[in-house]
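S.K.:
Residue numbers (this note's numbering), protein chains in the order written: chain S, 1 to 227; chain Z, 1001 to 1227.
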């Protein structure tokens, strides 16, 4: 069975990595059972076998694959159907969605929930997390998150391309979800699992899209523990 | 032969619609000759046959197709190869690129070049253009464009997803251009044709990408008249 080290909170069942969620959705899409091993930021030793310091790391027997995009490519190559990408051009286009999520969507979410993450991570991770993230933001995590009620409307603007797309098709993949949806939904699982802050307005088509996404694969997203 | 009404400046050879450019690239990709008919914003009568007030409008014998996305779908359906989308999932994913270009990229370019557009359009279009755009921006076109030297760095941030993508593949379509590239390159033809303002830094990978795009299809973009 496939194994994946999966970022966990103090509660080992709380899983919140936006990258690990992409992999979890992708494996579920393929119908591949995936054993997830709870992992903490500071647990470097557990990943030593991979030469990596970050999750997801996938183990498939002797094979070790890291980086969520590379894992998706690996799953597509080793289990062809149901397809994640719909061919090489679909895969190339999905990579645009991936770079958009990594460079625009994820950085737009981070300052809205970064303080809440402190509240869910394991005690041994807290000093590392605070120090590394405060260095990145140049402010305390509490300060970063403080004005989120006013900043959230700017975040919602970031989702304009998704919102407009949903006017004409139910999934980024078209009539059915593809890995492009796993990228966006996986990224959105991150705030959902660590925070109760409402990122989306109830009547936002993106909120309805997220609800559909939570129901995929037997409610994989919906049944995931939240903070 | 396919015919397309194509937004033109006072100089009928100056063609600058970001949407018409998408269609021109797409037709060239298919190897389909395309007759372009110069059209001005205020020339409503010329489009009356289509029931539309905006270009591109494509005529293929008796068939009339409007909206650049619908035209791309039409070209893909009627001339299968070379493919624009690489299948239904590739097409669905390309539509995300299309909504991103329309809701993020194009609005980020507009305020940087809107004043220059006034300098190239036909006399009969100028009152309409100024009035409609100044209403949209709530300021004079000159004011909108005035601080572009400082605002251009924010525009360059908007291209982050493209820039990161180009680290791993030469085209949004992967190893070869697809309609996703026509969308982005077509949108970038708009500022190129109406303005001499440098949107991109010379060492930006997106600038190199644009150069490659200008050379496609026998230099279709590179040979296009500029302001």
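Note that beta-carbon positions come from the ideal geometry of N, C-alpha and C, so glycine has one too.
(1) Contact check, residue 1120/Z vs residue 1007/Z under 8 angstroms by CB: the rounded distance?
(2) Starting from residue 1096/Z, trace the alpha helix (DSSP H) in both directions and tell me its first and last residue.
(3) At the 9 angstroms Cβ level, is residue 1060/Z part of the contact set with chain S, yes or no?
(4) Measuring straight from C-alpha to C-alpha, what distance separates residue 1019/Z and residue 87/S?
(5) Roughly how many angstroms lie between the CA atoms of residue 128/S and residue 141/S, to the nearest whole one?
(6) So with Cβ pairs under 9 angstroms, would you call residue 201/S a contact of chain Z?
(7) Using DSSP's beta-bridge definition, name the partner residues of residue 1006/Z.
(8) Can at least three beta-carbon pairs, one atom from the stretch 1084-1098 of chain Z and one from the stretch 87-100 of chain S, be found at a separation below 8 angstroms?
(9) Hey, quick one: how far does the alpha helix (DSSP H) through residue 228/S stretch, first residue to last?
(10) Quick check: is the beta carbon of residue 1190/Z nearer than 9 angstroms to any beta carbon in chain S?
(11) Would you call the CB atoms of residue 1101/Z and residue 1071/Z closer than 9 angstroms?
(12) When the cut-off is 9 angstroms and only beta carbons count, does residue 102/S lie next to chain Z?
(13) Residue 125/S: buried (16+ other C-beta within 10 angstroms of its C-beta) or exposed?
(14) When you compare the CB positions of residue 1185/Z and residue 1177/Z, do they come within less than 9 angstroms of one another, or not?
(15) For chain S, is any of its Cβ atoms less than 9 angstroms away from the one on residue 1178/Z?
(16) Span of the beta strand (DSSP E) holding residue 160/S?
(17) Helix, strand or coil: how does DSSP classify residue 1155/Z here?
(18) To the nearest angstrom, how far is it from the Cα of residue 1223/Z to the Cα of residue 170/S?
(19) Tell me which residues share the same chain as residue 1160/Z and place their Cβ nearer than 7 angstroms to its Cβ, disregarding the 5 neighbours each side in the sequence.
(20) At a Cβ threshold of 9 angstroms, is residue 171/S touching chain Z?
(21) Quick one: which chain S residues come within Cβ less than 9 angstroms of residue 1182/Z?
(22) Would you please verify whether the beta carbon of residue 95/S is less than 9 angstroms from any beta carbon of chain Z?
(23) Which same chain residues end up closer than 8 angstroms to residue 1032/Z when comparing Cβ atoms and leaving out the 5 residues on each side of it in sequence?
(24) Which bits of chain Z does residue 65/S rub up against, with CB to CB less than 9 angstroms?
(25) Would you identify the three-state DSSP class for residue 1054/Z, choosing helix, strand or coil?
(26) Does the beta-carbon of residue 1187/Z have 16 or more other beta-carbons within 10 angstroms, so that it is buried, or is it exposed?
(27) Hey, residue 1118/Z and residue 1057/Z: beta-carbon distance below 9 angstroms or not?
(28) Who are the Cβ neighbours of residue 1059/Z in its own chain at under 6 angstroms, not counting the five residues just before and after it?
(29) So what's residue 1064/Z in DSSP terms, helix, strand or just coil?
(30) Grouping DSSP H, G and I as helix and E and B as strand, with all else coil, what is residue 138/S?
(31) When burial is assigned at 16 or more other CB atoms within 10 Å of the CB, is residue 1189/Z buried or exposed?
(32) What residues from the stretch 7-36 of chain S come within 8 angstroms of chain Z, judged by C-beta to C-beta, listed N to C?
(33) Work out the CA separation of residue 153/S and residue 11/S for me, nearest whole Å.
(34) Checking contacts by CB at 9 angstroms: is residue 1165/Z closer than that to chain S?
(35) Kindly say whether residue 1206/Z, judged by its beta-carbon, lies nearer than 9 angstroms to any beta-carbon of chain S.
(36) If the cut-off is 8 angstroms on Cβ atoms, which residues from the stretch 1075-1095 of chain Z count as contacting chain S, listed in chain order?
M.R.: Inspection of the coordinates gives the following:
(1) Going by Cβ atoms, the distance from residue 1120/Z to residue 1007/Z rounds to 11 angstroms, so no, they are not a contact pair.
(2) 1088-1100
(3) no
(4) 26 angstroms
(5) 13 angstroms
(6) no
(7) 1038/Z
(8) yes
(9) Residue numbering for chain S in the displayed model covers 1 to 227; residue 228/S lies beyond these limits and cannot be assessed.
(10) no
(11) no
(12) yes
(13) buried
(14) yes
(15) yes
(16) Not the beta strand (DSSP E): residue 160/S falls in the alpha helix (DSSP H), residues 160-165.
(17) helix
(18) 40 angstroms
(19) none
(20) yes
(21) Here the premise fails: no neighbours, minimum Cβ distance about 12 angstroms.
(22) yes
(23) 1002, 1075 and 1079
(24) Result: empty, since nearest Cβ-Cβ is about 16 angstroms, beyond 9 angstroms.
(25) coil
(26) buried
(27) no
(28) 1003
(29) strand
(30) coil
(31) buried
(32) none
(33) 31 angstroms
(34) yes
(35) no
(36) 1083, 1085, 1086, 1087, 1088, 1089, 1090, 1091, 1092, 1093, 1094 and 1095
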